[in-house]
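A quick write-up on the structure given underneath.
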Ligand SMILES: C[S@@+](CC[C@H](N)C(=O)[O-])C[C@H]1O[C@@H](n2cnc3c(N)ncnc32)[C@H](O)[C@@H]1O
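In our numbering, the protein residues as written are 56 to 310.
Okay, here's the thing in structure tokens:
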């Protein structure tokens, strides 16, 4: 794939095995193609490793979190369960939204909660809205612990951001589906891996061994769920698709 951004001509030119496509920059397609190239450059320079949220490093593309904020504010879950805590910036992000909304809490599961991260999260002003669990996200004991923290009927959203191998994410989707009510969502982060084979730090098997594939397999086997794209609440521009590390990520229960 070769993408040429010709600012003088106002064109984005994409050459692929299927041929050459030329898109006006001021089109949804042109913006999407330029964004794809930008995401690849961002991966190469580790752009997502440069942000904090209220003092804690958050390893996410800001647009993904902005869009997720739209979903959380609109759908008002009682609980977000996140697998994959790392420094805890994303947990603090959910907690900060819940604090502002006056309702909601976050449960973070990580196979290794490093002492300095745990200490920082426990000392954070928003710690009251967070529960931390150490252990593998698919471990039966961890799932039992999560279960004790959720009351019957509570509206749960699940964010899967731990191991990103296909089989692990598929196991997580199968395990955490029990917490999701009709209308609720599980988000399989980092499906962008599928498009990164050949990039620095990427493995060749990412073409299939990734969260996007896991989400597709899961919705094919469990017909209560579909992959959905939450509508945008506001759009006065021409862009029509998310600039995202999480393509096809919103696994939504519809029945
Ligand atoms: C990408 S980081 C999470 C980033 C974090 N959500 C954020 O937005 O800043 C992935 C984390 O998943 C954890 N992890 C890896 N495998 C896991 C597993 N099987 N169960 C739970 N956590 C796991 C790692 O220890 C690491 O801290």
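Glycine included, every Cβ here is placed at the ideal spot set by N, Cα and C. What you are looking at is a predicted structure, and each value in this text was computed from that prediction instead of being measured.
In this structure, ligand 1 has no non-hydrogen atom nearer than 7 angstroms to the beta-carbon of residue 171. Scanning the stretch 201-274 from its first residue to its last, the whole beta strand (DSSP E) runs of 3-plus residues come out as 211-215, 240-243. Per DSSP, residue 161 is one residue of the beta strand (DSSP E) stretching across 160-165.
In this structure the stretch 140-155 does not lie against the stretch 219-230, because fewer than three pairs of beta carbons, one per stretch, are closer than 8 angstroms.
With a threshold of 7 angstroms, the Cβ atom of residue 195 does not count as near ligand 1, since no heavy atom of the ligand is closer than that. In the DSSP secondary-structure assignment, residue 79 is bridged to 66. Exposure of residue 289 is indicated by the presence of fewer than 16 other C-beta atoms within 10 angstroms of its C-beta. With a cutoff of 8 angstroms on beta-carbon distance, residue 188 and residue 162 are scored as near each other. Within the stretch 89-140, the complete alpha helix (DSSP H) segments at least 4 residues long are 117-130, listed from N- to C-terminus. Not one heavy atom of ligand 1 is found less than 7 angstroms from the C-beta of residue 203. Considering only 268, 109, 232, 304, the residue with the shortest C-alpha distance to residue 136 is 232. At least one heavy atom of ligand 1 sits closer than 7 angstroms to the Cβ of residue 165.
For residue 289, no beta strand (DSSP E) segment is defined, and its DSSP state is neither H nor E. By the neighbour-count definition (other C-beta atoms within 10 Å, threshold 16), residue 247 is a buried residue.
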